[in-house]
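In what follows, a single structure is set out as structure tokens and then discussed.
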Amino acid sequence: MAIYHLSAQIIGKGAGRSAVAAAAYRHCAKMEREETAEEIDYSRKGGNAHSEFVVPEGAPTWIARVAQSHTAAEASAFFWNAVEQAEARKDAQLMREIVLALPNELTQEQNITLVRDFVAQELSAHGIVADWAYHDMPNNPHVHVMTSLRPLTDDGFGPKRVAVLGEDGAPLRVSDGKIRYTQFSGSPERLIEMREAWAQIQNHHLAKHGHDIRVDHRSFEEMGIDAVPSTHRGPAADNMDARGEPSELAEKARTAARQNYELFADDPALVLKKITTQKAVFTRHDIAREIHKSECSPEEFQALFYRVGAHEELVPVAAPSFDPFTGDETSEALFSTRSMVVLEHRMVQNIQRLATKQTWAAPANVVDRAFESFEVKRGFALTDQQKMVVRHLTGEAGAAALVGYAGAGKSTAIHTTRTVLQQQGYTVVGGALAGIAADNLRSEAGVESRTLASWEHQWGRGNMLPDAKTVFIMDEAGMVSSDQMERITGRLAEAGAKMIVLGDARQLQPIQAGAAFRAFVDVTGYAELDTVVRQSERWMREAAVAFGSGDAEAGVAAYVDQDKFAWSETSEEARAALIAEWMPHHRAGADVTIMAHRNKDVLALNADARSALQDARALGEDTPFTAERGARSFAEGDRILFLKNERSLNVFNGSTGTVSSAEPNRLEVIVDGHLDPIVVRAHEYNHLDHGYARTIHKEQGNTVDRSFVYLSPTMDAQLSYVALTRHREDVTLYVSREDFRSQGEMVEKMAQDRLQDSTALYRSTVDYKDAIQGFAERRGYPTTRIVVEFVRSNLAYLRERLERLAQHFDRVERPVDRRSSHLSLGSDAQAAVRLHQAQRPLPPQIPHRVHQAGRRLGRDLQAQATAGRAVRRFKRRAHYELNVSDGAKELRDFNKSVRAQFGEEAILHHGSHAPTSESVLLRGQSSEWQSFAQENWQTLFAAQWAEHKTTLQPLKAQDVRAPLLPDTPTEKVRPPMSDPKILIEGVRDMPAIAPERLRVQAAQHPSMEPVIATAKDIAGRIYVQPDRAVERLVDRFQRGQTADTVSEALFREPATLGDVKGTSRLGIANAEQREALKHIPAFIQHTSKVGAAIDQTEGQIKSRHDQTRAAIAVPIRDLSPEAQRFVEDVKSVDKMPNGDEKLRASSELLKNGAALNEVSQFQQSLNDRYGRGRATIEAGRAVDPAFQRMKPAEKATVMTRLDGVATALPAIKKLQTQVQQHERSRDLGKASGRGIER
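Below you can see the structure in the form of structure tokens.
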């Protein structure tokens, strides 16, 4: 069972200890201690399962090179020898060792990943060297982490005490002006933070791998548990105890365990308190397991077990069930504690308070208009079931739930629900446990969202508090724990808000205890979307319904019947098959994804995908990037995955993007769903990795056309549900027989149910009711008070409703009948009225630049209101748009026309929410102006608010766009692009590689080196001249012999490849030759692998040559004269000094989309023909037959054109970046400290 343990000690010279000796012992290795010239050998000790030597990012070259090119033990010996040499004092401290206990529940690979996460977050991120060794001892897996005490410098090591820096990067000073210092390796407070982080990281990994157990870093005293902590015994104490020898540690552990029994015996409730730190609902076996950890006799164990069972804190929530025929128990009794029941009861009360609060239901005509508007905008209509859901969610109930199977169209229904609620004057916001889920809710349903933790943080600070006009939509509610649901529902109930929860209780489960979504649905009822619309095939939709209804085995069986599982012998072969199938879809730009459960599988799949793309020349040149998870290489065209939320740019943990430009430790990335690239610098933001494959957890909420799933033994029903419902058209699952011995075992794993439980689901039981009644009486919550509060809330609601009805009847009794008033006038007056109406101004057409400015202002205004940021950023944007930008005059004129119609005070008083037909602002306005305001309110209000918040300045003459170049007219009509001529002819007569030459190239290809090296190793045990024997073997394959032919000849006569070791006399081999001939079967078996490798390499060489032939057959067209002038203009503008004139020239130049597109297509033609990168293009051009046949003048033209485009493209990107940064000045300073800038 997982236990929490983190201890730290200092190893120093004062106690006569050595850092090198300590490292050798931890690594179970032989090391030389240079200070004393002694050899320290622990290589026979054993027990070290895995070692790593980790240096922080940006480490000096002297240690970084050693860490990269040597084993962990070798790097460790080098480093600690350097430390001992640098520490001259005889009492110097050398290292800090941290010992971590690892959970038995995790496999060795999972524990290694766990330690890597801890080291990266708590040590590497703080610049500390971490040298760690994983000792996988029976029932005691643990890791020794040896850390440095000094910072690394280019010359060696820095001081142990470093200055404390403030937010501005300057050293902090104490009251007397002296600089404040702290220990580089961390203060005692830092060690406390590290202890908490180790518990959080460990719990995250336990939950990720399906274990409901948790650890707690807090002491029993901090948790309110009066118990004695157990003592870490270690392998030495265990071994001594097994031999019957006295051990101080073992004796201490037994003493602590005995003390715990005595505490449990004094207060049996402590046993229950310890269990419920990890589980909400448990069985009698959990009680027995907790008591068993203490030191007691069988009689004492039995007595304490019965006392705990009889304790008043224990609450039975579900009775056992029995077979009526045999009397056997078919399900165990389930228990909880009164405190856990009370927590979830408070949650249920909050939900009931929300559900009983009545709100205004949306009128039927408003809902119907929303349906019609959705159909017009989207091109398809909502299903009848989705319409029913919208009506349910916009009804009078203050709490509503939507249960939808994966792919049933929840996001589509919520989009229309949001539209209806906003038209009724509600503020609709959303939240989800994960950042990517909140991002999906925003992008797919248009609901402004953030994570639940972020909402709680803002509410705790008094910001963005909900009110009676707030509708809070919680997405992926099935992943929310009872504790968090209780806090959120309590906050919303106090504010009188409306709450809508969405989810599927059978997808991924909460990490903490409880099943809040199931309890919510049990209280409020729900609307259901059980008609799956995501999948194209009927059987796929039926399988999704089976998963959602709890029959995971039937869901998996459907995919088995349709032969959607691809089996391989090994995991490597399964990954290779997946990548081979995925490649053509990815290259064609299809909407596809790769999924796996374990992080190690995701990393391997990402590496395989990149390797395949590089072989196909689909990526640019690799550039290094120091990521949080270690050194990575990225290239233009790479897919990347963001691993940390960055809300200011709408980048979340799970967001993906494509690299558009790569330089060392600097990437330009176009995030999916965004139009403009962002810049990522490694020294500022490095939480990213390759994004071809993602974990199944990160894919929840995502939808693609086709998915490729790699299966691991850690699958369960919830993971299978998510993995098999992400696709619209098709899915393939890749399985290896290393992981699953049979199809039956695979189906059993994939259908294993791990649903969380909640005490609220058992609130109909007598014991549950007794627990709640006793809790209420002890705390003074009589039923009368609840009734009084209920009556008060309903009276307030009734009063508000009557006031609204009174206003409505006032308008009915005294309508403004314009027709009757017109009829009372004479004919001349009627004509005057009609003339006046005809002369009323119509809404203006919004110019493009005004629309763009309004969009930018609205985005800044919304960010200011939602994120609570300072208003000065919006003021800077307003000043730019109204006083500096090219569209300033148009924006001022637009504001003037809108103010003339509505009035400035009325617009500002109404606020940023879109007006409805009942709004005071629109009373008396024509239908044209009403529609105009409702459709464009964000732009209207943001523009008016900007003018209200800034001071208008006289527009300067240079605000009118200046000409690009001296001879360029201001108003220029671009002539159509002329048809360009051929620059480099296509080569259609490029010959194929002759079969004999192809075979020789395959045999001599560098990729053959590993298999040839293995062949030489085996041959060395057989032949006198192994290298010569392998050369003869390869020669036979080059001459076209098959593996079967070569193997048969070897079997008949091994000496055909050379002299066999040893001798024979009269046909009888001596001992040496008999030993050599024993290896012939292994050599023959490997011979087949050599032949297969040559065949595979031959196919790859032929495929690449065919691709080259096809590419070189396509002619490359020259740039048109207009595009050539465009290239020259780019060079001229790029050379201009920075300033407003260059910005205006750049902006005007980049409007020439036709020329820009032609230059890009020209570069793409070069990439297709020669490959990516300037050096690659130059090399390919030099050997191009078409180029070689050209005349010198033609060659000069080609080289000039290639050089011009190669120089212009980086300049174009530079100008684009400068223009974007200038036009979006709100982003110039906000992200410099977060690592990304727009």
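Going by the numbering used here, the first residue of the sequence shown is number 19, and it counts up by one from there.
No residue lacks a Cβ here, since even glycine has one placed at the ideal position from N, Cα and C.
Keep in mind it's a predicted model, so treat the numbers as computed, not measured.
- Does DSSP classify G32 as helix, strand or coil? helix
- Alpha-carbon to alpha-carbon, L909 and D694: 23 Å
- Task: Counting only the same chain and skipping the five closest in sequence on each side, list residues whose C-beta sits under 6 Å from that of F175.
- Result: A104, R168
- Task: Return the residue from the list D59, W98, S87 that minimises the CA-CA distance to K31.
- Result: W98
- Message: Quick check on this structure: which residue in T1032, T273, T1235 has the alpha carbon closest to the alpha carbon of A1100?
- Response: T1032
- Whole-angstrom C-beta distance between Q1056 and R1006, which should lie under 8 Å: With 8 Å as the limit, R1006 and Q1056 do not qualify as a contact, their Cβ atoms being about 30 Å apart.
- Item | Assigned secondary structure, V563 (DSSP; H/G/I helix, E/B strand, else coil) | helix
- Reducing DSSP to helix, strand and coil, say where I688 ends up. strand
- Task: Output the residue ranges of the beta strand (DSSP E) runs that lie fully inside the stretch 268-346 and measure 3 residues or longer, sorted by chain position.
- Result: 332-336
- Excluding the 5 residues preceding and the 5 following V806 in the sequence, name in chain order all residues of the same chain whose CB lies nearer than 8 Å to its CB. Low local confidence applies: a pLDDT of 41 at V806 is under 50, so the model's placement there is unreliable, with the coordinate-based value given in what follows. So the list is empty, once near-sequence residues are dropped.
- Message: Just to check my reading of the structure: G464 and H433 have Cβ atoms closer than 8 Å, yes? What is that Cβ distance to the nearest angstrom?
- Response: 6 Å
- Message: Going by DSSP, what residue range makes up the beta strand (DSSP E) through K679?
- Response: The residue asked about is misnamed: residue 679 is Ser in this sequence, not Lys. From DSSP, the beta strand (DSSP E) with S679 extends over 674-681.
- Task: Pull up the DSSP beta-bridge partners for S467, would you.
- Result: G448
- Is it a yes or a no for the stretch 444-455 touching the stretch 486-498, going by three-plus beta-carbon pairs under 8 Å? yes
- Task: Return the first residue and the last residue of the alpha helix (DSSP H) that T957 is part of.
- Result: 945-967
- Message: I'd like the span of the beta strand (DSSP E) that includes R51, first residue to last.
- Response: 48-51
- Item | Cα-Cα separation, S1082 to A711 | 58 Å
- Any idea which residues DSSP pairs N158 with across the strands? M155
- Message: Taking DSSP's pairing of strands, which residues face T488 in a bridge?
- Response: T445
- Message: As an exercise, report each continuous beta strand (DSSP E) stretch of at least 3 residues that is fully enclosed by the stretch 635-675, in chain order.
- Response: 641-645, 648-652, 657-660
- Could you tell me whether the Cβ atoms of F538 and A419 are closer together than 7 Å? yes
- Message: Assuming D501 is part of the beta strand (DSSP E), what are its boundary residues?
- Response: First-last for D501: 500-513, but that is the alpha helix (DSSP H), not the beta strand (DSSP E).
- Task: Return yes when the Cβ of T171 is within less than 7 Å of the Cβ of R114, no when it is not.
- Result: no
- Express the C-alpha separation of L547 and D402 in angstroms, rounding to a whole number. 10 Å
- From R536 to L352, what does the alpha carbon distance come to, in whole angstroms? 17 Å
- Burial state of S36, where buried means 16 or more other Cβ atoms lie within 10 Å: buried
- Query: Can you give the Cα-Cα distance for A960 and G872, rounded to whole angstroms?
  - Reply: 6 Å
- Item | Assigned exposure category for N278 - 16 Cβ within 10 Å defines buried | buried
- Query: Who are the near neighbours of V73 in its chain, counting only those whose CB is closer than 7 Å to its CB and skipping five residues on each side?
  - Reply: I81, A82, A85, V147
- Query: Any idea what DSSP makes of L1158, helix, strand or coil?
  - Reply: One point to set straight first is that residue 1158 is Asp, not Leu, in the sequence displayed. Looking at D1158 - three-state DSSP - the assignment turns out to be helix.
- Could you tell me the distance, in whole angstroms, from the CA atom of D569 to the CA atom of H603? 32 Å
- Query: What's the C-alpha gap between G184 and K893?
  - Reply: 28 Å
- Query: Using 8 Å as the Cβ pair cut-off and three pairs as the minimum, do the stretch 715-725 and the stretch 697-706 touch?
  - Reply: no
- Message: I need the boundaries of the beta strand (DSSP E) containing M613, first residue and last residue.
- Response: 610-614
- Query: If we count the other Cβ atoms within 10 Å of its Cβ and call it buried at 16 or more, is V408 buried or exposed?
  - Reply: buried
- Query: Helix, strand or coil: which one does DSSP assign to H604?
  - Reply: helix
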